[in-house]
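Chemist:
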Amino acid sequence: MEAVDRIFPSDPGVMEAPRATAATGTLYGVGMGPGDPDYLTVRAVRVLERAAVLVHFCKQGRRGNARTIADAVLARDPARELSLAYPYTTELHPEHPDYVAALGAFYDDAAGRLADHLGAGRDVAILSEGDPFFYGSFMHLWRRLKDRFPVEVVPGVTGMSGCWTRAATPITWGDDVLTILPATLPAAVLTERLARTDAAVIMKLGRHLPKVRAALREAGLLARAVYVERGTMAGERVVPLSDKADDAAPYFSMVLVPGEGRRP
291 MEAVDRIFPS
301 DPGVMEAPRA
311 TAATGTLYGV
321 GMGPGDPDYL
331 TVRAVRVLER
341 AAVLVHFCKQ
351 GRRGNARTIA
361 DAVLARDPAR
371 ELSLAYPYTT
381 ELHPEHPDYV
391 AALGAFYDDA
401 AGRLADHLGA
411 GRDVAILSEG
421 DPFFYGSFMH
431 LWRRLKDRFP
441 VEVVPGVTGM
451 SGCWTRAATP
461 ITWGDDVLTI
471 LPATLPAAVL
481 TERLARTDAA
491 VIMKLGRHLP
501 KVRAALREAG
511 LLARAVYVER
521 GTMAGERVVP
531 LSDKADDAAP
541 YFSMVLVPGE
551 GRRP
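Going by our numbering, the sequence shown opens with residue 291, and the numbers climb by one from there.
Here it is as structure tokens:
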């Protein structure tokens, strides 16, 4: 709606009408699910179809996995799309000062670019693997923009939920306590947390698989551990971790340790 300056401006006796607030766009965090586009929600598809700007994170020189999932429901449209390439992925440790500084500047710049679109009244949808509020890069932009623009988060099926479903592995029974651990934690911390939980999901494996395997062995859980690679995606692989001879693990892999609680 265009701003209204006056009602009957030619009549000096008429009071000036309130100025209309310019409409801004809405920021959407859209959960894209674990990989198989059949797990997209109806709400997610509706937002993707109508948003003026579609944003996805990616590695330099590659197309983001979240955007690839959307191929099943969206045609490619360069006029709508904005890719955000990380300055680093696995090249530096996440606590390295250069990594922290580069990622902070990256998110600041990305938030500024999205604010330009939102301020111009364009809805922006950030495509997020799994669920936007579960280890999602979306959260860093949400934190920078949530107090300035309307926000809606569209929840998605998490990667871990997709993995334990495709592995046919119920993860918790009865009063089991589930612990979710990033494999990037120090070995001692992994072992300690695993030793006092009933069930576990270990994410972000990559080059950390040998450390995770050792922590599971020390915690007495190796026999129950299930390795899932690219769950719900092409190239899916599910095997007991004890049967996996090598230590190679891509980013989209995790280890599941199912609980053994009450089973009436």
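Note that beta-carbon positions come from the ideal geometry of N, C-alpha and C, so glycine has one too.
What residues in its chain sit with their C-beta under 8 Å from that of A405, if we drop five residues either side in the sequence?
Modeler: Counting from 1 along the sequence shown, the entry for residue 405 is found at position 115. Hits under 8 Å: L435, R438, F439.
Chemist: Taking only three categories from DSSP, how would you classify T311?
Modeler: For the purposes of this step, residue 311 is identified with residue 21 of the sequence shown, where counting begins at 1. Note that T311 scores 48 on pLDDT, short of 50, meaning its location in the model is unreliable; the coordinates nonetheless yield the value given after this. Looking at T311 - three-state DSSP - the assignment turns out to be coil, as it is neither helix nor strand.
Chemist: Output the distance between the C-alpha atoms of S451 and A473, rounded to the nearest integer angstrom.
Modeler: Within the sequence shown, numbered from 1, the residue matching residue 451 stands at position 161. Within the sequence shown, numbered from 1, the residue matching residue 473 stands at position 183. Looking at the two C-alpha atoms, the distance is approximately 17 Å.
Chemist: Apart from the five residues just before and just after V467, which ones in its own chain have a Cβ nearer than 6 Å to its Cβ?
Modeler: Mapped onto the sequence shown, residue 467 falls at position 177. Hits under 6 Å: T487, D488.
Chemist: Please classify T311: is it buried, with 16 or more other beta-carbons within 10 angstroms of its beta-carbon, or exposed?
Modeler: Position 21 of the sequence shown, counted from the first residue, corresponds to residue 311. Note that T311 has pLDDT 48, beneath the 50 cutoff, so the model's placement of it is unreliable and the number below is only indicative. By the 10 Å Cβ count, T311 comes out exposed.
Chemist: Please state whether DSSP places V294 in a helix, a strand or coil.
Modeler: Taking the first residue of the sequence shown as position 1, residue 294 is located at position 4. Because V294 sits at a pLDDT of 35, beneath the cut-off of 50, its placement in the model cannot be relied upon, and the following sentence gives the value as read from the coordinates. It is coil, neither helix nor strand.
Chemist: Apart from the five residues just before and just after Y541, which ones in its own chain have a Cβ nearer than 7 Å to its Cβ?
Modeler: Taking the sequence shown and counting its residues from 1, one reaches residue 541 at position 251. So the qualifying residues of the chain are G496.
Chemist: R503 and L531 look like a contact to me (Cβ under 8 Å); what is the Cβ gap, rounded to whole Å?
Modeler: Against the sequence shown, residue 503 aligns to sequence position 213. Against the sequence shown, residue 531 aligns to sequence position 241. Contact flag correct, Cβ pair sits at about 7 Å.
Chemist: Starting from the C-beta of E526, find all residues in its chain whose C-beta is less than 6 Å away, skip the five residues before and the five after it, and write them out in chain order.
Modeler: Locating residue 526 in the sequence shown gives position 236, where the first residue counts as 1. Cβ neighbours of E526 beyond the five flanking positions: R520.
Chemist: List the endpoints of the continuous alpha helix (DSSP H) containing I359.
Modeler: Taking the sequence shown and counting its residues from 1, one reaches residue 359 at position 69. Unbroken alpha helix (DSSP H) run through I359: 355-360.
Chemist: Kindly give me the distance between the Cβ atoms of P324 and T448, rounded to whole angstroms, as I take these residues to be in contact under 8 Å.
Modeler: Along the sequence shown, read from residue 1 onward, the residue named residue 324 stands at position 34. Along the sequence shown, read from residue 1 onward, the residue named residue 448 stands at position 158. Confirmed, Cβ separation roughly 7 Å.
Chemist: Give the straight-line distance between the Cα atoms of L408 and A313, rounded to the nearest whole angstrom.
Modeler: Reading the sequence shown from its first residue, position 118 is the one you call residue 408. Reading the sequence shown from its first residue, position 23 is the one you call residue 313. Cα to Cα, L408 sits roughly 9 Å from A313.
Chemist: Taking 8 Å as the cut-off, does the region 453-461 touch the region 413-423 (at least 3 CB pairs, one atom from each stretch)?
Modeler: No, the region 413-423 does not touch the region 453-461.
Chemist: What does the Cβ neighbour count give for H386, buried or exposed, with the cut at 16 atoms within 10 Å?
Modeler: To locate residue 386, count along the sequence shown from 1; it is residue 96. Under this definition H386 is an exposed residue.
Chemist: Short check: CB of F347 to CB of L374, under 7 Å?
Modeler: Here residue 347 refers to the residue found at position 57 when the sequence shown is read from its first residue. Here residue 374 refers to the residue found at position 84 when the sequence shown is read from its first residue. Yes, these two residues count as a Cβ contact at 7 Å.
Chemist: To the nearest angstrom, how far is the alpha carbon of T469 from that of V529?
Modeler: Against the sequence shown, residue 469 aligns to sequence position 179. Against the sequence shown, residue 529 aligns to sequence position 239. Cα to Cα, the separation comes out at about 21 Å.
Chemist: According to DSSP, what are the bridge partners of T316?
Modeler: Here the question's residue 316 lines up with position 26 in the sequence shown. For T316, which the question treats as bridged, DSSP gives no partner whatsoever.
Chemist: With DSSP as the reference, identify every bridge partner of R527, one or two as the case may be.
Modeler: Here residue 527 is taken as the residue at index 237 of the sequence shown, counted from 1. For R527, which the question treats as bridged, DSSP gives the partners E519.
Chemist: Which same chain residues, not among the five before or five after E371, have their C-beta less than 6 Å away from its C-beta?
Modeler: Here residue 371 corresponds to residue number 81 of the sequence shown, with the count starting at 1. These residues qualify, in order along the chain: L344.
Chemist: Suppose the cutoff is 6 Å on Cβ atoms and the five residues either side in sequence are ignored; what does the same chain contact list for T459 look like?
Modeler: Within the sequence shown, residue 459 is the residue found at index 169, counting from 1. Here the set comprises V516, L546, P548.
Chemist: Anyone know if the C-beta pair for L512 and L484 falls short of 7 Å?
Modeler: Working through the sequence shown from its first residue, we reach residue 512 at position 222. Working through the sequence shown from its first residue, we reach residue 484 at position 194. Not a contact, by the Cβ cut-off of 7 Å.
Chemist: Throw me the rounded Cβ distance for the R412 and A342 pair, which I believe falls under 8 Å.
Modeler: What you label residue 412 is simply residue 122 of the sequence shown in a count that begins at 1. What you label residue 342 is simply residue 52 of the sequence shown in a count that begins at 1. Yes, they are in contact, since the Cβ atoms of R412 and A342 sit about 4 Å apart, within 8 Å.
Chemist: According to DSSP, which residues form a beta bridge with C348?
Modeler: Residue numbering aside, residue 348 sits at position 58 when the sequence shown is read from its first letter. Paired residues: A375.
Chemist: My guess is that L506 and A415 are in contact by the Cβ rule of under 8 Å, so how many angstroms apart are they, rounded?
Modeler: In the sequence shown, the residue the question calls residue 506 occupies position 216. In the sequence shown, the residue the question calls residue 415 occupies position 125. Contact doesn't hold; Cβ gap of about 38 Å is too wide.
Chemist: Quick check on the burial criterion: 16 or more other C-beta atoms within 10 angstroms. Buried or exposed for H351?
Modeler: As a working mapping, residue 351 is identified with position 61 in the sequence shown. In the sequence as presented, His is not what sits at residue 351; that position holds Gly. G351 should be labelled exposed.
Chemist: Using CA atoms only, rank isn't needed, just tell me which of Y318, I461, Y329 is closest to A362.
Modeler: To locate residue 362, count along the sequence shown from 1; it is residue 72. It is Y329 whose Cα lies nearest to the Cα of A362.
Chemist: What are the boundary residues of the beta strand (DSSP E) that T469 is part of?
Modeler: As a working note, residue 469 is residue 179 in the sequence shown. Segment 468-472, the beta strand (DSSP E) holding T469.
Chemist: Sort K501, G551, A509 by Cα distance to D536 and report the nearest one.
Modeler: Along the sequence shown, read from residue 1 onward, the residue named residue 536 stands at position 246. Among K501, G551, A509, the Cα nearest to that of D536 belongs to K501.
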